[in-house]
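Chains as they are written, first to last, in my numbering: chain A, 319 to 435; chain Y, 3 to 117.
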């Protein structure tokens, strides 16, 4: 089945530790995104990538890093500089290049809940 | 991007149609209306989108008023599995998509379908 896979489902971070969240897609999409969701709130964009080997900061990039070495993969690292990392993290992808209206059709993974020990 | 206004919550009886309203009075002529939903602890799911004409797919119908200042998402026969937060988003689509024109998810409408 085509889709987006995020792992792990639950992740715990210790003080001062970096952790990496995995996101893989087999939809052949060019664009990929990372969002953060806090309880009762909407999604906020962390980073996005429109093509391999390129990525841009979103609204809340501080304390996070990403890489896009392969089209299928867009891992997110939550660094020790992120002082409030507890949140639900969502990865998404979209066609990226194609009929304009379809570019806003995002496909989301099932999310990773990150908590601080 | 135009802002949207949605009621924070709605109830619907199982088997009845759920009509979710969205106001977007500042929408411009080339902005599309998108609807997503998010079931608890899952990623949002695309439902439908439209520009001017009403749209229907296997999940829902989208009714856009003639002046385009508001729209209604209709789930024709709601079930408890439709209980979720529904997001109405207005966007100008761009050729290369991406978050240079990022989708802004507000707090949406929590629809509770009662059995």
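No residue lacks a Cβ here, since even glycine has one placed at the ideal position from N, Cα and C. From a predicted model like this one, the values you see are computed outputs, not experimental measurements.
Helix, strand or coil at residue i [DSSP, three-state]
i: residue 23 of chain Y; result: strand
i: residue 101 of chain Y; result: The predicted position of residue 101 of chain Y is uncertain, since its pLDDT is 45 and thus under 50; no value can be drawn from it.
i: residue 40 of chain Y; result: strand
i: residue 13 of chain Y; result: strand
i: residue 93 of chain Y; result: strand
i: residue 372 of chain A; result: strand
i: residue 381 of chain A; result: coil
Span of the beta strand (DSSP E), counted from its first residue to its last, around residue i
i: residue 331 of chain A; result: 328-331
i: residue 64 of chain Y; result: 63-66
i: residue 79 of chain Y; result: It is not in any beta strand (DSSP E) - residue 79 of chain Y carries neither H nor E in the DSSP assignment.
i: residue 52 of chain Y; result: 47-52
i: residue 323 of chain A; result: 322-325
i: residue 60 of chain Y; result: That residue, residue 60 of chain Y, is in no beta strand (DSSP E); it is neither H nor E in DSSP.
i: residue 335 of chain A; result: Run containing residue 335 of chain A: none; DSSP gives neither H nor E here.
i: residue 114 of chain Y; result: 111-116
Residue i at chain Y interface by Cβ criterion, 8 Å
i: residue 394 of chain A; result: no
i: residue 433 of chain A; result: no
i: residue 389 of chain A; result: no
i: residue 383 of chain A; result: no
i: residue 290 of chain A; result: Nothing can be reported for residue 290 of chain A: it is not among the residues displayed for chain A, which extend from 319 to 435.
i: residue 424 of chain A; result: yes
i: residue 401 of chain A; result: no
i: residue 518 of chain A; result: Only positions 319 to 435 of chain A appear in this structure, which leaves residue 518 of chain A out of reach.
Residue-chain proximity (residue i, chain A), Cβ-Cβ < 8 Å
i: residue 105 of chain Y; result: yes
i: residue 8 of chain Y; result: no
i: residue 45 of chain Y; result: yes
i: residue 111 of chain Y; result: no
i: residue 48 of chain Y; result: yes
i: residue 108 of chain Y; result: yes
i: residue 12 of chain Y; result: no
Below 7 Å between beta carbons is the criterion; list the residues of the segment 322-340 of chain A that meet it against any residue of chain Y, in chain order.
none
Under 9 Å (Cβ pairs) to chain Y, residues found in the segment 348-380 of chain A
Taking 9 Å as the cut-off between beta carbons, the residues of the segment 348-380 of chain A near chain Y are 348, 349, 351, 353, 355, 358, 359, 360, 361, 362, 363, 365, 366, 367, 368, 369, 374, 376, 377, in sequence order.
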